[in-house]
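Undergrad: Residue numbers (our numbering): 535 to 710.
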Ligand code: SF4
Ligand code: SF4
Ligand code: SF4
């Protein structure tokens, strides 16, 4: 049986891994640059993913697509890789992604919908009546573990997880 790992992002702001391409890479990756420098594009992680959310992206490098499903943090992709590309599986968060709800959300447009809340196991999505008679979704960045489960269930494709971007001209921070 696959064990779920608690990925609550207690250290959300510590040592964030940045991207230059915007692609969401494999969980627990040391840095995107490690992948681009070393990955031999064998496709083993793609085959190993139990949820089929890893695809061949630009240049043949693996990317995660949350519109295909959620990450269960099963670590099968990491275990299948023969290269030392990953951080500490036990202590580091899988990703440190930003999450936002776009304006096309039904609730933002006065149509009742709470589909995303039901899919969120860490209960990072709440609904508030404070600013509208239709409850409005709010996502706690601190509680979100970036599993992506809310993305494919949203009828408007209104939820977006993104890699924090490296500033142009600045070198990306590398994890040790
Ligand atoms: S941790 Fe599991 S579900 Fe998540 S990307 Fe890797 S293989 Fe797929
Ligand atoms: S499921 Fe999508 S449309 Fe519905 S409330 Fe959540 S973000 Fe808005
Ligand atoms: S990605 Fe969505 S479902 Fe997963 S923890 Fe974050 S808000 Fe909840």
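For each residue, glycine too, the CB sits at the ideal point set by N, CA and C. Predicted model, so just to flag it, every value in this text is computed and none were measured.
Could you pull out every residue in the same chain whose Cβ sits closer than 6 Å to the Cβ of residue 678, ignoring the five residues on either side in sequence?
TA: Here residue 678 is taken as the residue at index 144 of the chain shown, counted from 1. Closer than 6 Å at Cβ, skipping near neighbours: 633, 658.
Undergrad: CA-CA distance, residue 625 and residue 562?
TA: Within the chain shown, the letter at position 91 stands for residue 625. Within the chain shown, the letter at position 28 stands for residue 562. Going by the C-alpha atoms only, they are around 10 Å apart.
Undergrad: Which residue from 671, 627, 629 puts its Cα closest to that of residue 644?
TA: Indexing the chain shown from 1 puts residue 644 at position 110. The shortest C-alpha separation from residue 644 is found at 671.
Undergrad: Below 8 Å on the Cβ atoms is my contact criterion, and I expect residue 587 with residue 605 to pass it. Report the Cβ-Cβ distance as a whole number of Å.
TA: Locating residue 587 in the chain shown gives position 53, counting from the first residue. Locating residue 605 in the chain shown gives position 71, counting from the first residue. Contact flag correct, Cβ pair sits at about 6 Å.
Undergrad: Report the residue ranges of all beta strand (DSSP E) runs contained in full by the stretch 583 to 645; include only those spanning at least 3 residues, in chain order.
TA: Correct list: 588 to 590, 596 to 598, 632 to 635.
Undergrad: Give every residue of the same chain whose Cβ lies closer than 8 Å to the Cβ of residue 602, excluding the five residues on either side of it in the sequence, and list them in chain order.
TA: The residue given as residue 602 occupies position 68 in the chain shown. Here the set comprises 585, 586, 587, 589, 686.
Undergrad: Does the distance between the C-beta of residue 641 and the nearest non-hydrogen atom of ligand 2 fall short of 7 Å?
TA: Against the chain shown, residue 641 aligns to sequence position 107. Checking every heavy atom of ligand 2 against the Cβ of residue 641, one is found closer than 7 Å.
Undergrad: Is DSSP giving residue 696 helix, strand or coil here?
TA: Locating residue 696 in the chain shown gives position 162, where the first residue counts as 1. Strand.
Undergrad: Please report the distance separating the alpha-carbon of residue 575 from that of residue 680.
TA: On the chain shown, position 41 is the one that residue 575 refers to. On the chain shown, position 146 is the one that residue 680 refers to. Each residue's alpha carbon lies about 24 Å from the other.
Undergrad: Regarding residue 680 and ligand 1, is the C-beta to nearest heavy atom distance less than 7 Å?
TA: As a working mapping, residue 680 is identified with position 146 in the chain shown. Every heavy atom of ligand 1 is 7 Å or more from the Cβ of residue 680, so no.
Undergrad: What is the DSSP secondary structure of residue 664, counted as helix, strand or coil?
TA: To locate residue 664, count along the chain shown from 1; it is residue 130. Note: residue 664 maps to coil in three-state DSSP.
Undergrad: Report yes if the C-beta distance between residue 628 and residue 668 is below 8 Å; otherwise report no.
TA: Along the chain shown, one-based indexing puts residue 628 at 94. Along the chain shown, one-based indexing puts residue 668 at 134. It is not a contact, given that the beta carbons lie outside the stated cut-off.
Undergrad: Tell me which residue opens and which closes the beta strand (DSSP E) that residue 673 is part of.
TA: Here the question's residue 673 lines up with position 139 in the chain shown. Residue 673 -> beta strand (DSSP E) spans 670 to 673.
Undergrad: With DSSP as the reference, label residue 572 as helix, strand or coil.
TA: What you label residue 572 is simply residue 38 of the chain shown in a count that begins at 1. Of the three classes helix, strand and coil, the one that applies to residue 572 here is helix, per DSSP.
Undergrad: For the alpha helix (DSSP H) that residue 677 lies in, which residues bound it at each end?
TA: For the purposes of this step, residue 677 is identified with residue 143 of the chain shown, where counting begins at 1. Neither: residue 677 is in no alpha helix (DSSP H) and is coded neither H nor E.
Undergrad: Just mark residue 682 as buried or exposed, buried being the case when its beta carbon has 16 or more other beta carbons within 10 Å.
TA: Here residue 682 refers to the residue found at position 148 when the chain shown is read from its first residue. Label assigned to residue 682: buried.
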